[in-house]
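Worksheet: the structure to be examined is printed underneath.
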Amino acid sequence: DTAVSQTPKYLVTQMGNDKSIKCEQNLGHDTMYWYKQDSKKFLKIMFSYNNKELIINETVPNRFSPKSPDKAHLNLHINSLELGDSAVYFCASSRLKNTEAFFGQGTRLTVV
Amino acid sequence: KNQVEQSPQSLIILEGKNCTLQCNYTVSPFSNLRWYKQDTGRGPVSLTIMTFSENTKSNGRYTATLDADTKQSSLHITASQLSDSASYICVVTAGDSTDKLIFGTGTRLQVFP
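Top to bottom, those sequences are chains A and B. Position 80, counted from 1, in the first sequence is what this note's numbering calls 181; the numbers after and before it change by one each time, with no gaps. Position 62, counted from 1, in the second sequence is what this note's numbering calls 70; the numbers after and before it change by one each time, with no gaps.
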């Protein structure tokens, strides 16, 4: 059983398109996150949701909008994709804010 | 400025050897420090998490140390295996109301037979 699963694993799309990445966790965790890892392998947190409420938004452009329909899901919607959005996006969850985070396998987004 | 710096940037060792990775941070106030292992093409996996009062924690062949006074942490890998080849990321959580996570840029470890 996959604890944190995200789809799709790979996503290639043209500039200007709108796309979504889905994330689901079956661990019963209260907090979910989205991270972006750039080409230099530097991980940067984008959003954190605790019980469906946004608690961190790390100066991410408003083209990125997280949507949490319930505690087990945190989807990432991106409008008007730009070349610089190309990266690997990781979803993660943790039981509490400061406890161990479990990561999904990542979604490699390529904008052409 | 809150920063987490790791060294070395990359490291190559032979199978069976030990190695130590370093993490220095300037995050204040401090809540906890985590070490993650990230295999190529996979998400990070937690190895250890340490709070202010803990100065060592082990997870199998991985042993992390924390010196909160000097703001340094190390990750020691004993009897390395080929499967240890990965990136190791140090993450510090700020102890203020933001709970902000500050990531290091990682150490890329390669273990050769």
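Even glycine gets a Cβ: it sits at the ideal position worked out from N, Cα and C. Quick caveat: nothing in here was measured; it's all calculated off a predicted structure.
Inset, instruction - Compare the beta carbon distance of residue 119 of chain A and residue 196 of chain A with 9 Å and say whether it is the shorter of the two. - result: no
Legend entry - Inter-residue Cα distance where the pair is residue 166 of chain A and residue 191 of chain A: 15 Å
Inset, instruction - Output, in chain order, the set of chain B residues within a Cβ distance shorter than 7 Å of residue 182 of chain A. - result: Residues of chain B passing the Cβ test: none, with the nearest at roughly 22 Å.
Legend entry - First through last residue of the beta strand (DSSP E) which encompasses residue 167 of chain A: 165-171
Inset, instruction - Please determine, among A:176, A:111 and A:106, the residue with the shortest C-alpha to C-alpha distance to residue 211 of chain A. - result: A:111
Inset, instruction - Verify whether the separation of the beta carbon atoms of residue 40 of chain B and residue 79 of chain B is less than 9 Å. - result: no
Inset, instruction - Using a Cβ-Cβ cut-off of 9 Å, state whether residue 92 of chain B counts as contacting chain A. - result: no
Inset, instruction - Kindly indicate if chain A contains any beta-carbon less than 9 Å away from that of residue 109 of chain B. - result: yes
Legend entry - Sequence-distant residues of the same chain with beta carbon closer than 8 Å to residue 37 of chain B, five excluded per side: 102, 103 and 104
Inset, instruction - Confirm, please, whether the CB-CB distance from residue 99 of chain B to residue 83 of chain B is below 9 Å. - result: no
Legend entry - Buried or exposed (CB count within 10 angstroms, at least 16 for buried), residue 149 of chain A: buried
Legend entry - Those residues which DSSP pairs with residue 82 of chain B across a bridge: B:30 and B:73
Inset, instruction - Select from B:114, B:27 and B:60 the residue whose C-alpha is nearest the C-alpha of residue 11 of chain B. - result: B:114
Inset, instruction - Measure the alpha-carbon distance for residue 57 of chain B versus residue 28 of chain B and round it to whole angstroms. - result: 17 Å
Inset, instruction - Select from A:151, A:114 and A:138 the residue whose C-alpha is nearest the C-alpha of residue 194 of chain A. - result: A:151
Inset, instruction - Work out the CA separation of residue 182 of chain A and residue 121 of chain B for me, nearest whole Å. - result: 43 Å
Inset, instruction - Buried or exposed for residue 87 of chain B, please, with buried defined as at least 16 other CB atoms from any protein chain shown within 10 angstroms of its CB. - result: exposed
Legend entry - Contacts around residue 60 of chain B, its chain only, beta-carbon distance under 7 Å, and the 5 residues preceding and following it disregarded: 38 and 76
Inset, instruction - Please list, in chain order, all residues of the same chain as residue 116 of chain B whose beta carbon is under 6 Å from its beta carbon, the five residues on each side excluded. - result: 18 and 95
Inset, instruction - Determine the chain B residues that contact residue 168 of chain A at a beta-carbon separation under 7 Å, and present them in chain order. - result: Chain B residues near residue 168 of chain A: none, gap ~21 Å exceeds 7 Å.
Legend entry - Span of the beta strand (DSSP E), counted from its first residue to its last, around residue 116 of chain B: 115-120
Inset, instruction - Note down, in chain order, every chain B residue with its Cβ under 7 Å from the Cβ of residue 125 of chain A. - result: Chain B residues near residue 125 of chain A: none, gap ~14 Å exceeds 7 Å.
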